[in-house]
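**Student:** Before we start, here is the structure in question, set down as structure tokens.
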Amino acid sequence: MMRSPKVAALAVGATAATLVAVAVYPASAAGTTTHHTGTLADGATWIADVPANWNGTLVLFSHGFGPLTAQDAPSAQSGTALLAQGYALAGSSYDPKGSLWALNSSVRDQFATLTAFGRQFGTPQRTIASGDSMGGLTNSIIAQDGAGRISGAVTFCGMVDGAVDLTDSELNGEYAITTLLPGASGVQLRDFTSFGQGAASGTALQSSISTAQSTASGRARIALASALLNETDWASGSAAPSPGDFVGQEQQEEQTLTGGQLPFVLGAEAAIEQAVGGDPSHNVGVNYAALLRSSPYYSQIKALYQQAGLDLDADVAALDKNESYTSEGDSLANTERTSTNSGYLPIPELDVHTIADQLIPVQQENNYAQRVREHGDAANLRQSYVAAIGHCNFTAADVVAAINTVSARVGTGHWSPTDAATLNAAADKLTGLGGGNFLTYQPTPLVVQPTW
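In our numbering, each number is its position in the sequence shown, counted from 1, plus 1188.
Okay, structure coming up:
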């Protein structure tokens, strides 16, 4: 049964700072806690917090997209709770001279932080790698490369399918908006020189969506674009719309698309282009009819088009006819090299994802699981889901229960149950941390052109 949602809206005009908050721990978190800061060879800073009752396990945290500031836990509350249980914490800022899209340095700097921590405090008995959002992709690569150095991994709201599918699906949806919605034609979708320039394009798309919402034809086309974006249809504090509630689905899809997501996504495009040498996304050769037929929202789209008296085939033909975006320079190869994982998983990993994530679609978990299966490592992967709206919108109890579950897996050599009831029971035992919000869930397929 789905518990009450915990709502986290992304504010209109949000900046990169939205997704990172440096944890500050009270001195009484675990008796005396030693806090250390240091500098790595590339100028990245690293921090560590080690409690007096250190249990020998280090949690190495990879932060998400945002300021290049060292962080060693997803939040202050979860960090405090982990220190109180005896875990040590560490994490790096990543290369301060690089892009906020820090995949060029994040894995290297996290392993360097692990080495530096060992020199300062002694080699941990076990190291559990953790990360969220973009840091979740970093974490999946650390898990891939971590045999002998990393004991287990916990990934929260992670971009585990990699950046290629993410940027392609974003382009598909943005392209549909500029092609089909009046007022959006000509809005720039790439080649931004700053976060602000990209965010301005996102605001323009947002405005065109708000205007289109007032007409039946506009609502049908918003639903189509939402499907290509792999957008969530659960955006309010009330219950999620039912599978047959096509009007309710579209209303909440529009609410998500006008809630600040697009300015953030297009603003971040500037950092991605800086990191990989251009825009890696493309749509030349995409079969939009096939993509839409693969969407779980295809019935909704057809129904809304019929209600509006629109010709769906004509709109799809317009999308196919006007395809013009190709990956720029070496950007696609650079993205595949730095911002994807292979699916090789030599250590146990637990993924945790909210089911209504407006920035990193929960459907990414399907593609990651398939890749891991193809490598023969499915026994090492567990995936769990949280009934919450918003990107990385977990309670501290969700976070700590997940890390404790992987710690137990590392200690015993076998998985204890990771079903929703067991994880909720573990989370609910953690006093004052917000309780568990896990549920039984299976994501729908990711709607994007195949890239692997």
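All C-beta atoms in this analysis are idealised placements derived from N, C-alpha and C, irrespective of residue type, glycine included. Keep in mind it's a predicted model, so treat the numbers as computed, not measured.
Run through DSSP, which three-state label would S1604 get?
**Tutor:** Of the three classes helix, strand and coil, the one that applies to S1604 here is coil, per DSSP.
**Student:** Which partner residues of Y1573 appear in the DSSP bridge assignment?
**Tutor:** Note: Y1573 sits in a beta bridge opposite H1541 and L1627.
**Student:** Consult DSSP for A1278 and reduce its assignment to one of helix, strand or coil.
**Tutor:** A1278: strand per DSSP, three-state reduction.
**Student:** So, for G1334: in the same chain, excluding its five sequence neighbours on each side, which residues have a beta-carbon less than 7 Å away from its beta-carbon?
**Tutor:** Hits under 7 Å: A1317 and I1535.
**Student:** By the DSSP assignment, the beta strand (DSSP E) with T1403 in it spans what residues?
**Tutor:** Premise fails: T1403 is in no beta strand (DSSP E) and is neither H nor E.
**Student:** Below 8 Å between beta carbons: does that hold for W1289 and A1463?
**Tutor:** Cβ atoms of W1289 and A1463: closer than 8 Å.
**Student:** What whole-angstrom Cβ distance do L1479 and L1416 have, given they're in contact under 8 Å?
**Tutor:** Right, their Cβ atoms sit about 6 Å apart.
**Student:** Return the chain-ordered list of same chain residues with a C-beta closer than 6 Å to the C-beta of F1309, the five sequence neighbours on each side being excluded.
**Tutor:** If we look at F1309 and ignore the five residues flanking it on each side, its Cβ neighbours are V1238.
**Student:** Would you say the segment 1349–1363 touches the segment 1421–1441, given that touching needs at least three Cβ pairs under 8 Å?
**Tutor:** With the cut-off at 8 Å, the segment 1349–1363 and the segment 1421–1441 do not touch.
**Student:** Starting from R1481, trace the beta strand (DSSP E) both ways and give me its first and last residue.
**Tutor:** Looking at the DSSP string, R1481 is not in any beta strand (DSSP E); the run it does join, the alpha helix (DSSP H), is Y1476 to R1481.
**Student:** Which one of G1564, D1467 and S1263 has the shortest CA to CA distance from H1251?
**Tutor:** The candidate whose alpha carbon is nearest that of H1251 is S1263.
**Student:** Among the candidates F1582, R1481, P1633 and G1319, whose CA atom is the shortest distance from the CA of Q1551?
**Tutor:** Out of F1582, R1481, P1633 and G1319, P1633 has the C-alpha closest to the C-alpha of Q1551.
**Student:** Give me, in chain order, the residues of the same chain whose beta-carbon lies closer than 6 Å to that of N1243; leave out the 5 immediate sequence neighbours on both sides.
**Tutor:** Hits under 6 Å: G1274.
**Student:** If you draw a straight line from the alpha carbon of A1496 to that of I1489, how long is it in whole angstroms?
**Tutor:** C-alpha separation (whole angstroms): 11 Å.
**Student:** Would you check if there are 3 or more beta carbon pairs closer than 8 Å linking the segment 1374–1384 to the segment 1400–1411?
**Tutor:** At 8 Å Cβ cutoff, the stretches do not touch.
**Student:** For F1344, write down the residues that DSSP places opposite it in a beta bridge.
**Tutor:** Paired residues: D1320 and V1540.
**Student:** Can you find the residues in the same chain that come closer than 6 Å, C-beta to C-beta, to A1236, ignoring five residues on each side of it along the sequence?
**Tutor:** Within the same chain, A1236 has close Cβ partners H1224, A1278 and F1305.
**Student:** Let me check one thing: in DSSP terms, what residues is I1235 bridge-paired to?
**Tutor:** DSSP lists T1225 and G1279 as partners of I1235.
**Student:** Going by CA-CA distance only, name the one from I1330, A1491, E1442 and L1412 that's closest to D1297.
**Tutor:** Among I1330, A1491, E1442 and L1412, the Cα nearest to that of D1297 is on I1330.
**Student:** In angstroms with no decimal places, state the Cα-to-Cα distance between Y1532 and V1560.
**Tutor:** Between Y1532 and V1560, the C-alpha separation is close to 6 Å.
**Student:** Counting beta carbon pairs with one atom in the segment 1586–1593 and one in the segment 1606–1616, are three or more of them shorter than 8 Å?
**Tutor:** Judged by Cβ distances under 8 Å, the segment 1606–1616 makes contact with the segment 1586–1593, as three or more pairs qualify.
**Student:** For my contact list, L1621 and A1269 are in at a C-beta cut-off of 8 Å; report their separation, rounded to the angstrom.
**Tutor:** 6 Å between Cβ atoms; contact.
**Student:** Below 8 Å, how does it come out for the segment 1468–1478 and the segment 1492–1512: are there three or more Cβ pairs, yes or no?
**Tutor:** Contact between the segment 1468–1478 and the segment 1492–1512 is present, because at least three Cβ pairs lie under 8 Å.
**Student:** Return the bridge partner residues of F1249 from the DSSP annotation.
**Tutor:** The partner list for F1249 (beta bridge, DSSP) reads S1318.
**Student:** How would you write the range of the alpha helix (DSSP H) that F1729 sits in, first residue to last?
**Tutor:** Look at the range of the chain in this structure, 1189 to 1640, and you will see that residue 1729 is not part of it.
**Student:** Does the count of Cβ pairs from the segment 1428–1448 and the segment 1591–1601 closer than 8 Å reach three?
**Tutor:** Judged by Cβ distances under 8 Å, the segment 1428–1448 makes no contact with the segment 1591–1601, as fewer than three pairs qualify.
**Student:** Within the same chain, show all residues whose beta-carbon is closer than 7 Å to that of T1523, passing over the 5 residues directly before and after it, in chain order.
**Tutor:** For T1523, where only same-chain residues beyond five positions count, the Cβ hits under 7 Å are A1351, V1352, V1464 and P1468.
**Student:** Where E1438 and D1501 are concerned, what is the direct C-alpha to C-alpha distance, given to the nearest angstrom?
**Tutor:** Roughly 20 Å between the two C-alpha positions.
**Student:** Using the rule of at least 16 other Cβ atoms within 10 Å of the residue's Cβ for burial, across every protein chain shown, is P1638 buried or exposed?
**Tutor:** Result: exposed.
**Student:** For A1229 and R1481, what's the separation of their Cα atoms in angstroms?
**Tutor:** Approximately 50 Å between the Cα atoms of the pair.
**Student:** Using the three-state DSSP reduction, which class does L1256 fall into: helix, strand or coil?
**Tutor:** Note: L1256 maps to coil in three-state DSSP.
**Student:** For S1216, collect the residues of the same chain with a Cβ closer than 6 Å to its Cβ; drop the 5 residues on either side in sequence, then sort them by chain order.
**Tutor:** With a pLDDT of 44 at S1216, under the threshold of 50, the modelled position of that residue is not reliable, and the figure given next carries that caveat. None.
**Student:** Starting from G1306, trace the alpha helix (DSSP H) in both directions and tell me its first and last residue.
**Tutor:** Looking at the DSSP string, the run of the alpha helix (DSSP H) that includes G1306 is S1294 to F1309.
**Student:** How many Å lie between A1388 and G1448 at the Cα?
**Tutor:** One C-alpha to the other measures close to 11 Å.
**Student:** What does the Cβ neighbour count give for P1370, buried or exposed, with the cut at 16 atoms within 10 Å?
**Tutor:** Exposed, because fewer than 16 other Cβ atoms sit within 10 Å of the Cβ of P1370.
**Student:** What number of angstroms, rounded off, separates the C-alpha of F1249 from the C-alpha of Y1513?
**Tutor:** F1249 and Y1513: Cα-Cα distance of roughly 36 Å.
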